[in-house]
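At position 406 of the sequence shown (counting the first as 1) the number is 531 in the working numbering, and the numbers step up by one without a gap.
Where a beta carbon is used, it is the ideal one built from N, C-alpha and C, also for glycine.
Read through the structure below, which is laid out as structure tokens, and then see the notes.
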Amino acid sequence: GINICMASQEQKQISSLTTDDGLPDDIVKKLLPDSEGNIWIGMYDHGVCQYLIDEAEFSYPLEDWTYGELNSLSLFEGVDLWIGTNGQGLVRYNFEENSLEQIKGWEKEKVTDLLKDVEGNLWTVSNGKSISVANRQFESISLEGMDVQAMCRDQAGRLWVGTRNGLFELKKDTDNTWILEKMLPEIVNVISLYADNFSNIWAGTFDNGLFCLNTASGKLRHLDESNGLTNNNVLSIAGLNDKLWLATLGGVNELSFVGNPVEEANLTIKNYNQESGLGTNFIYKVFVDSKGRTWFGTDGKGLSMLNKGSILNFPSAKVLNPQTDSFELVKLHSVYSIAEDKSGRIWFSTDRDGVFAFDGENFRHLTMKEGISELEISALAATSRGDILIIHPNGIDLLNPETGHLIYYDENAGVGDLEAHLNAVCTSPPGSVWIGGKDRIVRFVSLNEQLEIHPRISLTGVSVFLEPIDFRNTTSFSYKQNNLVFNYLGLWYTDPAAVKYRYKLEGYDPAWRESRDRQAVYSNLLPGEYTFMITGTENEAWSDEPVITYKFTIAKPLWQRWWFISLCIIVGLSLFYTYVKLRDQRVQRVNLLEKEMITSQLNALKAQINPHFLFNSFNTLITIIEEDPEMAVEYVEKLSDFYRSILQLRDKEVITIEEETELLKNYYYLLQKRFGDNLKLDIQLNGTQGYVVPLTFQVLLENAIKHNVISKSKPLQVRVSKAGNGYVRIANNIQPKTVREPSTRFGLQSLEKRYDLLANKQVKIHTDQNEFIIDIPILESASN
Numbered sequence: 126g127i128n129i130c131m132a133s134q135e136q137k138q139i140s141s142l143t144t145d146d147g148l149p150d151d152i153v154k155k156l157l158p159d160s161e162g163n164i165w166i167g168m169y170d171h172g173v174c175q176y177l178i179d180e181a182e183f184s185y186p187l188e189d190w191t192y193g194e195l196n197s198l199s200l201f202e203g204v205d206l207w208i209g210t211n212g213q214g215l216v217r218y219n220f221e222e223n224s225l226e227q228i229k230g231w232e233k234e235k236v237t238d239l240l241k242d243v244e245g246n247l248w249t250v251s252n253g254k255s256i257s258v259a260n261r262q263f264e265s266i267s268l269e270g271m272d273v274q275a276m277c278r279d280q281a282g283r284l285w286v287g288t289r290n291g292l293f294e295l296k297k298d299t300d301n302t303w304i305l306e307k308m309l310p311e312i313v314n315v316i317s318l319y320a321d322n323f324s325n326i327w328a329g330t331f332d333n334g335l336f337c338l339n340t341a342s343g344k345l346r347h348l349d350e351s352n353g354l355t356n357n358n359v360l361s362i363a364g365l366n367d368k369l370w371l372a373t374l375g376g377v378n379e380l381s382f383v384g385n386p387v388e389e390a391n392l393t394i395k396n397y398n399q400e401s402g403l404g405t406n407f408i409y410k411v412f413v414d415s416k417g418r419t420w421f422g423t424d425g426k427g428l429s430m431l432n433k434g435s436i437l438n439f440p441s442a443k444v445l446n447p448q449t450d451s452f453e454l455v456k457l458h459s460v461y462s463i464a465e466d467k468s469g470r471i472w473f474s475t476d477r478d479g480v481f482a483f484d485g486e487n488f489r490h491l492t493m494k495e496g497i498s499e500l501e502i503s504a505l506a507a508t509s510r511g512d513i514l515i516i517h518p519n520g521i522d523l524l525n526p527e528t529g530h531l532i533y534y535d536e537n538a539g540v541g542d543l544e545a546h547l548n549a550v551c552t553s554p555p556g557s558v559w560i561g562g563k564d565r566i567v568r569f570v571s572l573n574e575q576l577e578i579h580p581r582i583s584l585t586g587v588s589v590f591l592e593p594i595d596f597r598n599t600t601s602f603s604y605k606q607n608n609l610v611f612n613y614l615g616l617w618y619t620d621p622a623a624v625k626y627r628y629k630l631e632g633y634d635p636a637w638r639e640s641r642d643r644q645a646v647y648s649n650l651l652p653g654e655y656t657f658m659i660t661g662t663e664n665e666a667w668s669d670e671p672v673i674t675y676k677f678t679i680a681k682p683l684w685q686r687w688w689f690i691s692l693c694i695i696v697g698l699s700l701f702y703t704y705v706k707l708r709d710q711r712v713q714r715v716n717l718l719e720k721e722m723i724t725s726q727l728n729a730l731k732a733q734i735n736p737h738f739l740f741n742s743f744n745t746l747i748t749i750i751e752e753d754p755e756m757a758v759e760y761v762e763k764l765s766d767f768y769r770s771i772l773q774l775r776d777k778e779v780i781t782i783e784e785e786t787e788l789l790k791n792y793y794y795l796l797q798k799r800f801g802d803n804l805k806l807d808i809q810l811n812g813t814q815g816y817v818v819p820l821t822f823q824v825l826l827e828n829a830i831k832h833n834v835i836s837k838s839k840p841l842q843v844r845v846s847k848a849g850n851g852y853v854r855i856a857n858n859i860q861p862k863t864v865r866e867p868s869t870r871f872g873l874q875s876l877e878k879r880y881d882l883l884a885n886k887q888v889k890i891h892t893d894q895n896e897f898i899i900d901i902p903i904l905e906s907a908s909n
């Protein structure tokens, strides 16, 4: 049986349904709920039953089940129930007819599974036919050798067919085979049909006037030009209450009657033609709308409307051009077919300009640009859901009047090469449209399910440099991850090959790109925010298709980020400020150095050429001349070299230690001739490399002589050596004079300032118990 499990307030409740409760079979193989919550039950031996939830009882609509074991069920709400059996093929239960039918060609199939998809397709799995699919919206009835020119349905639900060979009723034989039963005794070419409220079938013929057949009594009435018709070619018939309108090649005939017109009741015939206000006498189509207005499709003169005895013509339509956003006047030419949607809009097809809609004020124009697949339109028909069927030789376009969305059905749905005639269309409740063509009739069923009208588009993958990523959780990429590939798929089971894609990378593409490929490649994307958008269509129009989006960001490199740029600006400004400050300090230091150097050179020069030094030098020279003329010549040369060196070096900031040592030796030579062995100079530099300020050693040696006693008993010893740590040491023994000479300290101060400016190093001055020591920094290069 069946177990029913329910959870209430954290308690489980289990109940069961068995044969004791009315279940025909305890072996249940399939359960299928419907939209109202009732359950269809498929069983092992006893076919199908239904459990009504609200009534809590079983219903047995399929009592005469003879097809054995059941495997699967599929339900199209309010239309039919499909049953897959275990060896007896595919069986359909028709709700409208309350009939059970075994599908021909499947009688011995083992159908293991059935599936209804979101597009209205029925999928089957069987042992002999493998996987099969059919669009349940369409059903084809084969009529070999018959060319259906007109169709209608009467109040009793019977279908009537007009052909070149007369009037027929379409019915099912005892084995559920569709057959045509002839209803007129004579052979006439029936091209239009209409069923009135008196159980009469009106048959318009080509060149043989009009026939009225009462389906209840079989009584027949014939009308032609002799009875007042303006023309015997009745191309279209429409009626309302006690009136009938005939479209002929001689204008429009309006038939008014009281009582059943098949009887010998009086008929009043009124004619509308060019003289009455119609644009032409050649009328292809007549249609009565929900407001009681009568519309006429004319030959070459557009659309006409009869309302309360007045005729209004529409030879052209004023339509809005969406590209230019301006109105254009389009000539309507010939109108072949007319229909009305649920909103009261009148739709009509033309011979060369597609389909138009008229809402009472404005026209709307649909051509191939708007997605219509064919301009050669055979007929229009409105479905029970308000859609418009656009019927053409290669199939059917299903139009949603509100959105303008179109779905194409052709050979993939079994309706290719339909070749329908203008009047071979009729409707029947609850939602069928019958379309007659050559050798067959196609039945369109408006399913009650909410069907998908667009391909289901999904983004299936994203790759970065051909490496797949988890795109559902990854939306940020580095600036190096800028080569992206997007993979996507559109599912449209009705016609998979018809799917066309349109994609756009917002932030990169200026417009949409159309393609049938399932991949989009973008290389070398710049940093920024992007949105990849993908949509698909099963037709050639892009109207209301849903768009799938994927937003992502490619980060800027470090050097393009705002905080890094701000930091660089701050650092740059800081460096610039520091550079300016250092430059100013350097300029000031150079100026001070130059000033000190000039002052030092001037004072050094003054010191060397002061009268005492010259006087002592000349006295020494006189003594040497008297004693040793050759030595006197050498003395003069040394004195000359010494002053020449002073003049040469005075403009330099630094000189090498070697040059300074040579200058010191010349100066010592001149002093030695004066002091003899009482002044001793010991140079211990041993090839020391580096630079010093010019006249440094000379100034310090002169300073030592100035402040110390020099005698035979107290000789002055001066030592020049390398002190380590980048310094040269000048040291002398301390033996101060009894009467000290006044000191300006200019020489030492000048040296200290110049070394501070040149190398930011200090001159070190210190004493111990026996020596006065000065350490001079060694400059590493001439650029210091």
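| Asked | Found |
| --- | --- |
| Given that a residue counts as buried once 16 or more other Cβ atoms are within 10 Å of its Cβ, and exposed if not, what is residue 550? | buried |
| Over what stretch of residues does the alpha helix (DSSP H) that includes residue 221 continue unbroken? | It is not in any alpha helix (DSSP H) - residue 221 carries neither H nor E in the DSSP assignment. |
| Specify, as a first and last residue, the run of the alpha helix (DSSP H) that residue 758 falls within. | 754 to 774 |
| Just to confirm, are residue 203 and residue 555 a CB contact at a threshold of 8 angstroms? | yes |
| Look up residue 861 in the DSSP assignment and give the residues it is bridged to. | 833 |
| Determine the closest residue to residue 525 out of 313, 472, 877 and 842, with distance taken between C-alpha atoms. | 472 |
| Are the beta-carbon atoms of residue 359 and residue 371 separated by less than 8 angstroms? | yes |
| My output table needs one value for residue 873: the three-state DSSP class, helix, strand or coil. | helix |
| Starting from residue 898, trace the beta strand (DSSP E) both ways and give me its first and last residue. | 896 to 902 |
| Starting from the C-beta of residue 127, find all residues in its chain whose C-beta is less than 6 angstroms away, skip the five residues before and the five after it, and write them out in chain order. | 142 and 153 |
| Which residues bound the alpha helix (DSSP H) around residue 382? | Residue 382 -> not in any alpha helix (DSSP H); beta strand (DSSP E) instead, spanning 376 to 382. |
| Could you tell me the distance, in whole angstroms, from the CA atom of residue 182 to the CA atom of residue 138? | 19 angstroms |
| Could you give the DSSP three-state label for residue 626: helix, strand or coil? | strand |
| Is the region 585 to 592 close to the region 314 to 323, with three or more CB pairs under 8 angstroms? | no |
| Leaving aside the five residues before and after residue 727 along the sequence, list all residues of the same chain whose C-beta is less than 8 angstroms from its C-beta, in chain order. | Any reading at residue 727 must be qualified, since the residue scores a pLDDT of 46, below 50, and its modelled position is unreliable; no value is offered. |
| For residue 597, tell me which candidate among 543, 675 and 311 has the shortest Cα-Cα distance. | 675 |
| Say the cut is 7 angstroms; is the CB of residue 155 nearer than that to a heavy atom of the ligand HEM? | In the structure shown, the ligand HEM is absent, as is every other ligand, since no ligand is present at all. |
| Applying the 10 Å Cβ sphere with the 16-neighbour rule, what's the burial state of residue 435? | exposed |
| Which same chain residues, not among the five before or five after residue 789, have their C-beta less than 8 angstroms away from its C-beta? | 806, 808, 822, 823, 826 and 845 |
| Which ranges would you report for the beta strand (DSSP E) in the region 480 to 544 if only whole runs of at least 3 residues count? | 480 to 483, 488 to 491, 504 to 507, 513 to 517, 520 to 524 and 531 to 534 |
| Does residue 619 pass the burial test, meaning 16 or more other C-beta atoms within 10 Å, or should it be called exposed? | buried |
| Enumerate, from N- to C-terminal direction, the unbroken beta strand (DSSP E) stretches of 3 or more residues contained entirely within the region 216 to 288. | 224 to 227, 236 to 241, 246 to 251, 255 to 260, 263 to 272, 275 to 278 and 284 to 288 |
| Roughly how many angstroms separate the alpha carbons of residue 803 and residue 860, rounded to a whole number? | 13 angstroms |
| Grab the span of the alpha helix (DSSP H) containing residue 786 for me, first residue to last. | 782 to 800 |
| Measure from the alpha carbon of residue 341 to the alpha carbon of each residue in 458, 281 and 522, then state which is nearest. | 281 |
| Might you give, ordered along the chain, the residues of its own chain that have their beta carbon closer than 7 angstroms to the beta carbon of residue 530, omitting 5 neighbours on each side? | 578, 668 and 669 |
| Please determine, among 301, 622, 369 and 615, the residue with the shortest C-alpha to C-alpha distance to residue 383. | 369 |
| Which residue from 211, 227 and 238 puts its Cα closest to that of residue 199? | 238 |
| Between which residues of its own chain and residue 735 is the CB-CB distance below 7 angstroms, once the five residues before and five after are set aside? | In this predicted model, residue 735 has a pLDDT of only 47, less than 50, meaning its place in the structure is not dependable; the value taken from the coordinates is given anyway. The answer is none, since no qualifying residue turns up. |
| Going by DSSP, which residues form a beta bridge with residue 211? | 235 |
| Out of 663, 585, 373 and 511, which has the shortest C-alpha to C-alpha gap to residue 558? | 511 |
| To which residues of the same chain is residue 268 closer than 7 angstroms at the C-beta, ignoring the five residues directly before and after it? | 305, 564, 565 and 566 |
| Assuming residue 513 contacts residue 505 under a Cβ cut-off of 8 angstroms, what Cβ separation, rounded to an integer in Å, is found between them? | 6 angstroms |
| Helix, strand or coil: how does DSSP classify residue 647 here? | strand |
| What are the boundary residues of the beta strand (DSSP E) that residue 807 is part of? | 804 to 809 |
| Opposite residue 158 in the DSSP bridges: which residues? | 164 |
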